[in-house]
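S.K.:
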Amino acid sequence: MDIARTPATPDGNQHLADAAPEPHDPATIRREDYRPYPWLVPDVALDFDLGLEATRITARLTVARNAEADASDTIRLNGDDIEPLSIKVDGEVSNDWHMDGSDLILPLSGDAHEIEIATAIDPSANTKLMGLFASNGMLCTQCEAEGFRRITFFPDRPDVLSTYRVRMSGPKAQFPVLLSNGNLEAQGDGEEGTHWAQWHDPWPKPSYLFALVAGDLVANSDSFTTMSGREVALNIWVREGDENRTGHAMESLKRSMRWDEQTFGREYDLNLYNIVAVSDFNMGAMENKGLNVFNTKYVLADAETATDGDFDGVEGVIAHEYFHNWSGNRITCRDWFQLSLKEGFTVLRDQLFSQDMGSEPVKRIEDVRILRGAQFPEDSGPLAHPIRPDSYREISNFYTATVYNKGAEVIRMMRTMAGGDAFRKGTDLYFDRHDGEAATCEDFVTAMEDGAGLDLTQFRLWYSQAGTPKIGVRMEHRGDRAILHLKQDVPPTPGQPDKAPMPIPLRIALFDRESGQHDGEQLVTLTKAQESFSFDSISSLPVLSINRGFSAPVTIEREISQDDLVFLAAHDDDPFARYEALQDLVVSHLKAAVSGQLEEAAKRDGEEAITSAFASVLADDSLDELMRGELLVLPSETYLAETMLVADPAAIHSERQALRGAIARALESEFLNLHERAGAVPFGMDAAAKGARKVKTQALIYLAAGNPDVARRRAWSQYEQADNMTDRQGALMVLCGLSGIERTNALIDFYNRFQGNPLVIDKWFALQASSMHPAALEHVKALADHQDFTLKNPNRVRSLYMAMAYSPHAFHAADGEGYRMIADLILALDPINPQTASRFVPPLGRWRRIEPKRSALMKEQLERLAAAPGLSSDTHEQVSRSLG
Ligand code: PHE
Ligand code: ZN
7 MDIARTPATP
17 DGNQHLADAA
27 PEPHDPATIR
37 REDYRPYPWL
47 VPDVALDFDL
57 GLEATRITAR
67 LTVARNAEAD
77 ASDTIRLNGD
87 DIEPLSIKVD
97 GEVSNDWHMD
107 GSDLILPLSG
117 DAHEIEIATA
127 IDPSANTKLM
137 GLFASNGMLC
147 TQCEAEGFRR
157 ITFFPDRPDV
167 LSTYRVRMSG
177 PKAQFPVLLS
187 NGNLEAQGDG
197 EEGTHWAQWH
207 DPWPKPSYLF
217 ALVAGDLVAN
227 SDSFTTMSGR
237 EVALNIWVRE
247 GDENRTGHAM
257 ESLKRSMRWD
267 EQTFGREYDL
277 NLYNIVAVSD
287 FNMGAMENKG
297 LNVFNTKYVL
307 ADAETATDGD
317 FDGVEGVIAH
327 EYFHNWSGNR
337 ITCRDWFQLS
347 LKEGFTVLRD
357 QLFSQDMGSE
367 PVKRIEDVRI
377 LRGAQFPEDS
387 GPLAHPIRPD
397 SYREISNFYT
407 ATVYNKGAEV
417 IRMMRTMAGG
427 DAFRKGTDLY
437 FDRHDGEAAT
447 CEDFVTAMED
457 GAGLDLTQFR
467 LWYSQAGTPK
477 IGVRMEHRGD
487 RAILHLKQDV
497 PPTPGQPDKA
507 PMPIPLRIAL
517 FDRESGQHDG
527 EQLVTLTKAQ
537 ESFSFDSISS
547 LPVLSINRGF
557 SAPVTIEREI
567 SQDDLVFLAA
577 HDDDPFARYE
587 ALQDLVVSHL
597 KAAVSGQLEE
607 AAKRDGEEAI
617 TSAFASVLAD
627 DSLDELMRGE
637 LLVLPSETYL
647 AETMLVADPA
657 AIHSERQALR
667 GAIARALESE
677 FLNLHERAGA
687 VPFGMDAAAK
697 GARKVKTQAL
707 IYLAAGNPDV
717 ARRRAWSQYE
727 QADNMTDRQG
737 ALMVLCGLSG
747 IERTNALIDF
757 YNRFQGNPLV
767 IDKWFALQAS
777 SMHPAALEHV
787 KALADHQDFT
797 LKNPNRVRSL
807 YMAMAYSPHA
817 FHAADGEGYR
827 MIADLILALD
837 PINPQTASRF
847 VPPLGRWRRI
857 EPKRSALMKE
867 QLERLAAAPG
877 LSSDTHEQVS
887 RSLG
């Protein structure tokens with residue numbers, strides 16, 4: 007087939023010229039408007055006089071003209087919610103300054119100056135948790151992306167790199183531990199029970215990587231010897247009593263350090279690595295140079311209080327932040343449009359690390375599940391944006407699954423096309439060429455071309471085009487040839503009505519039906535809108551296994567029979583493709599069932615095919631339990647909705663539950679056996695024991711749908727006998743979806759047992775909010791009034807309301823009550839913590855893809871939000887984009 011290929015410009019952006027111009031909005035920041043900062047700021051000295059309610063900061067900046075930028079006779083320093091108490095230029099008090107909005111403008115006539123500015127802030131009033139804030143009696147900073155400007159006036163942009171010297175003093179009893187980036191230079195006691203410490207970070211860095219911590223903390227200390235033989239002191243700082251739950255984090259850190267040496271040749275570059283855990287944090291963790299700040303959720307773990315999933319989360323996030331030391335800190339971003347330069351790459355690095363630490367296929371399946379559950383909906387909705395966005399109003403709204411997870415997939419595709427060794431040459435060149443710089447995505451791509459020997463001219467479209475490509479697949483057999491017909495369609499997204507075809511690397515295998523074998527995997531790269539690929543010496547129509555390992559982040563729409571899917575579900579030697587065949591089997595059945603077009607007989611046929619495929623999974627001795635557990639997971643309701651143009655959440659929910667019930671009734675004794683067999687495996691952290699715990703709860707989930715009475719009894723005994731959180735939480739989750747006294751008793755026991763452990767109480771909230779219990783919404787309302795609920799702690803807010811907003815059952819209640827509750831939450835939270843509030847908008851933003859009745863109710867809530875006075879710019883941006 008001969009289809010004209012649309013040429014891509016090097017920038018890959020030519021088609022955007024056709025897009026409707028956005029209305030002029032001065033608050034919109036555009037990538038194309040980037041200009042280098044007129045001043046260099048080689049050195050920064052900060053002096054903190056610390057207090058929970060009043061902290062005074064004196065900042066001294068040396069500045070010099072930037073020869074590579076346009077000259078300016080003023081300097082603009084960003085501020086947010088601060089005022090200058092005094093300003094000196096070259097030691098003289100200056101009154102010759104003015105404010106432009108919240109920025110400070112100072113005239114500067116010479117080539118180099120020293121600027122000194124004093125500010126004062128109240129950390130205890132900082133509920134946004136950006137800048138310097140108080141948490142549980144300690145002081146802590148969060149500066150990415152634009153938090154530093156809430157501490158002092160500064161060019162708060164990632165391309166201004168400075169070395170920092172930080173002095174801090176404060177009451178010794180209240181803040182016995184004083185930490186900042188880099189190395190401790192000096193410390194001592196001051197007057198009236200105070201003490202001080204002075205830190206110096208030799209590596210130039212942007213302000214977003216600055217950190218300071220002061221508090222009453224204890225450390226789990228260890229050390230690591232780097233590949234060149236340097237000893238690095240490692241400390242994980244937590245509140246007293248938590249130190250015995252930091253062992254897994256410490257082991258994960260040491261494994262990350264070794265792995266990055268071995269896999270990417272990256273060695274750590276300071277003699278000290280500090281991690282601090284805080285319980286009030288908007289995100290997972292932060293990679294500040296030499297002083298990572300973590301949400302306690304990603305540090306604290308022991309078997310009694312953390313699930314296997316939590317353990318994996320700790321390992322992955324510890325690795326992620328550590329890997330940022332090179333992909334993020336040594337090489338940072340020129341501007342925030344380049345965010346995926348550090349995040350996409352670092353996510354890929356942490357994924358590869360976790361694949362190496364555990365089961366590679368299981369980790370791959372989990373990562374694809376996250377992509378499909380979170381990123382695909384983003385890419386097909388009103389908030390869709392390329393991994394390198396072109397404009398934003400609030401950068402904090404762009405810490406998205408697209409920038410992070412799709413960004414990782416894009417770099418993974420380069421790795422697939424280049425092969426592991428050439429990819430490493432590319433990353434070596436990138437690290438070497440750009441060390442110490444603030445770089446761009448374009449720099450990364452060019453280094454990959456030069457180092458790995460790839461031509462990425464057309465591939466650059468993956469950086470500029472949003473939307474998940476849809477790949478149409480048809481297989482044909484003629485003579486002794488098999489012909490694979492592929493076509494691609496990249497859907498329109500906001501501001502990008504027309505798309506050019508992208509290169510889609512697809513790993514494929516052609517299975518012979520008779521032998522169940524194939525002659526080896528091949529990489530086929532579709533570069534045109536339509537293209538056909540021919541394979542010789544094939545005697546009959548093969549069964550196609552495509553997008554193996556999920557080699558491209560696309561959706562596959564293939565003409566394939568149920569029999570062929572059953573074949574692949576049983577025979578595919580690529581574990582991901584095998585999982586995928588089973589998922590496809592279920593998805594196509596449920597899509598037909600939900601549409602109401604499936605006749606009874608056809609429905610029973612479908613259920614039987616699926617049941618027999620599941621029976622093989624349950625009986626297959628060659629599978630380890632971790633993989634078996636993955637194969638048993640049904641596609642999520644969110645993902646099912648995503649495969650439909652317009653979704654009816656209630657129909658999806660009931661058909662999916664009905665299918666689960668049918669499978670469970672047909673295979674009840676198998677599930678009972680599985681539950682028993684897995685229950686007999688003693689506790690351990692090895693893969694076999696983890697796998698046993700996974701299938702144990704999977705079995706309960708099926709039993710609950712097929713035979714609730716049996717499930718209730720089994721779940722209760724699993725709960726009571728649990729010697730670890732994975733079993734206990736799994737049993738409680740199943741009980742939460744059922745009614746009965748066991749549910750009540752287990753919830754009371756769980757609360758009493760773990761009262762005083764906030765991370766476990768978060769689980770208690772989340773399990774109830776996300777449960778399939780018919781009264782889940784009423785439960786959420788009651789929990790919002792619980793003494794332990796507070797809007798001031800992001801983990802707690804998420805545990806109740808994110809759980810509900812992403813649980814299709816409660817959120818999509820037919821009368822719109824779920825939508826109203828989320829809108830109410832957004833309005834209540836926005837004045838306290840706009841960053842966290844705005845993250846609740848996207849679930850409502852799905853309205854165009856939901857059946858008309860619910861759609862109108864969702865839109866109504868968005869309109870109510872849009873009309874609310876005084877909305878933060880974070881939330882406002884998300885609401886207006888969702889309606890637009
Ligand atoms: N940069 C952090 C990470 O990905 C995430 C983060 C962003 C944390 C913004 C806080 C604020 O590791
Ligand atoms: Zn990151």
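This note's numbering applies: residue 7 is where the sequence shown begins, and numbers increase by one. For glycine and all other residues, C-beta sits at the position ideal for the given N, C-alpha and C. What you are looking at is a predicted structure, and each value in this text was computed from that prediction instead of being measured.
(1) Between which two residues does the beta strand (DSSP E) holding residue 516 run?
(2) Grab the span of the alpha helix (DSSP H) containing residue 785 for me, first residue to last.
(3) Buried or exposed for residue 87, going by 16 or more other Cβ atoms inside 10 Å?
(4) By a C-beta neighbour count over all protein chains shown, 10 Å radius and 16 as the cutoff for buried, is residue 859 buried or exposed?
(5) Applying the 10 Å Cβ sphere with the 16-neighbour rule, what's the burial state of residue 691?
(6) Measuring only from the beta carbon, is residue 148 closer than 7 Å to any heavy atom that is part of ligand 1?
(7) So, for residue 591: in the same chain, excluding its five sequence neighbours on each side, which residues have a beta-carbon less than 8 Å away from its beta-carbon?
(8) Quick check on residue 168: does DSSP put it in helix, strand or coil?
(9) Could you check where the alpha helix (DSSP H) with residue 600 kicks off and where it finishes?
(10) Within 10 Å of its beta-carbon, does residue 811 have 16 or more other beta-carbons around it, so buried, or fewer, so exposed?
(11) Which residues end up in the neighbourhood of ligand 2 when you take C-beta atoms closer than 6 Å to any of its heavy atoms?
(12) Are the beta-carbon atoms belonging to residue 113 and residue 58 less than 8 Å from one another?
(13) Within 10 angstroms of the Cβ of residue 791, are there 16 or more other Cβ atoms? Answer buried if so, exposed if not.
(14) Give the range of the beta strand (DSSP E) segment to which residue 211 is assigned.
(15) Is it true that the CB of residue 170 sits closer than 8 Å to the CB of residue 216?
(16) Starting from the N-terminal side, write out each stretch of the beta strand (DSSP E) that is 3 residues or longer and does not extend beyond the region 207-286.
(17) Per DSSP, residue 491 is paired with what?
(18) State the Cα-Cα distance for the pair residue 637 and residue 388, rounded to the nearest angstrom.
(19) With respect to the beta strand (DSSP E) encompassing residue 531, which residues constitute its N-terminal and C-terminal limits?
(20) What's the C-alpha gap between residue 730 and residue 670?
(21) With 16 as the cutoff for other CB atoms within 10 Å, does residue 105 come out buried or exposed?
(22) With DSSP as the reference, label residue 697 as helix, strand or coil.
(23) Assess, as a yes-or-no matter, whether the region 194-203 is touched by the region 159-167 under the definition of 3 or more beta carbon pairs within less than 8 Å.
(24) Note down, in chain order, each residue of its chain lying with its Cβ closer than 6 Å to the Cβ of residue 703, except the 5 sequence neighbours on either side.
(25) Would you decide whether residue 99 is buried or exposed? Buried here means 16 or more other CB atoms lie within 10 Å of its CB.
(26) Taking DSSP as the reference, what is the three-state secondary structure of residue 736?
(27) On the CB-based measure, 16 or more other CB atoms within 10 Å of its CB, does residue 841 come out buried or exposed?
(28) Hey, is residue 481 close to ligand 1, as in C-beta under 7 Å from one of its heavy atoms?
(29) Anyone know if the C-beta pair for residue 252 and residue 305 falls short of 8 Å?
(30) Near residue 28, which residues of its chain fall below 6 Å by C-beta distance, leaving aside the five closest residues on each side in sequence?
(31) Could you tell me which residues DSSP pairs with residue 89 in its beta bridges?
(32) When every heavy atom of ligand 1 is checked, does at least one fall within less than 7 Å of the C-beta of residue 405?
(33) For residue 289, which of helix, strand or coil comes out of DSSP?
(34) Just grab the DSSP bridge partners of residue 144 for me.
(35) What does the alpha-carbon distance come out to for the pair residue 445 and residue 333?
(36) Quick check on DSSP: helix, strand or coil for residue 691?
M.R.: From the atom records:
(1) For residue 516, the enclosing beta strand (DSSP E) stretches over residues 510-517.
(2) For residue 785, the enclosing alpha helix (DSSP H) begins and ends at 782-790.
(3) With a 10 Å radius around the Cβ and a threshold of 16 neighbouring Cβ atoms, residue 87 comes out exposed.
(4) So residue 859 ends up on the exposed side.
(5) Burial state of residue 691 is exposed, judged by a 10 Å Cβ sphere holding fewer than 16 other Cβ atoms.
(6) Answer for residue 148: yes, Cβ within range of ligand 1.
(7) For residue 591, where only same-chain residues beyond five positions count, the Cβ hits under 8 Å are 568, 571, 572, 575, 615, 616, 619.
(8) Note: residue 168 maps to strand in three-state DSSP.
(9) Taken as a continuous stretch (DSSP letters only), the alpha helix (DSSP H) holding residue 600 covers 581-601.
(10) Buried is the call here.
(11) With the criterion CB distance below 6 Å from any heavy atom of ligand 2, the matching residues run 326, 330, 349, 352 along the chain.
(12) Between residue 113 and residue 58, the C-beta gap is not smaller than 8 Å, which leaves the two residues out of contact.
(13) Its Cβ having fewer than 16 others within 10 Å, residue 791 is exposed.
(14) Per DSSP, residue 211 belongs to the beta strand (DSSP E) from 200-211.
(15) Against a cut-off of 8 Å, the Cβ pair of residue 170 and residue 216 comes out as a contact.
(16) Complete beta strand (DSSP E) runs here, min 3: 218-221, 224-231, 237-244, 278-284.
(17) Among the bridge pairs identified by DSSP, residue 491 is matched with 480, 538.
(18) If I take the Cα positions, the gap works out to 32 Å.
(19) Note, residue 531: beta strand (DSSP E), 528-532.
(20) Roughly 26 Å between the two C-alpha positions.
(21) Taking every protein chain shown into account, the CB of residue 105 has fewer than 16 other CB atoms within 10 angstroms, so this residue is exposed.
(22) In the structure shown, residue 697 sits in a helix (DSSP, three-state: H, G or I).
(23) The way I'd put it, the region 159-167 doesn't touch the region 194-203; fewer than three beta-carbon pairs between them come closer than 8 Å.
(24) For residue 703, where only same-chain residues beyond five positions count, the Cβ hits under 6 Å are 736.
(25) Residue 99 should be labelled exposed.
(26) Helix, per DSSP.
(27) So residue 841 counts as buried.
(28) No, ligand 1 has no heavy atom inside 7 Å of this Cβ.
(29) For residue 252 and residue 305, yes; Cβs fall inside 8 Å.
(30) Reliability of the predicted coordinates at residue 28 is poor, the pLDDT of 45 falling under 50, and the value obtained from them is presented with this limitation in mind. Correct list: empty, nothing qualifies.
(31) Answer is none; residue 89 lacks a bridge partner.
(32) Yes, Cβ of residue 405 sits closer than 7 Å to a heavy atom of ligand 1.
(33) Of the three classes helix, strand and coil, the one that applies to residue 289 here is coil, per DSSP.
(34) DSSP lists 141 as partners of residue 144.
(35) Each residue's Cα considered, the two are about 11 Å apart.
(36) In the structure shown, the three-state DSSP call for residue 691 is coil.
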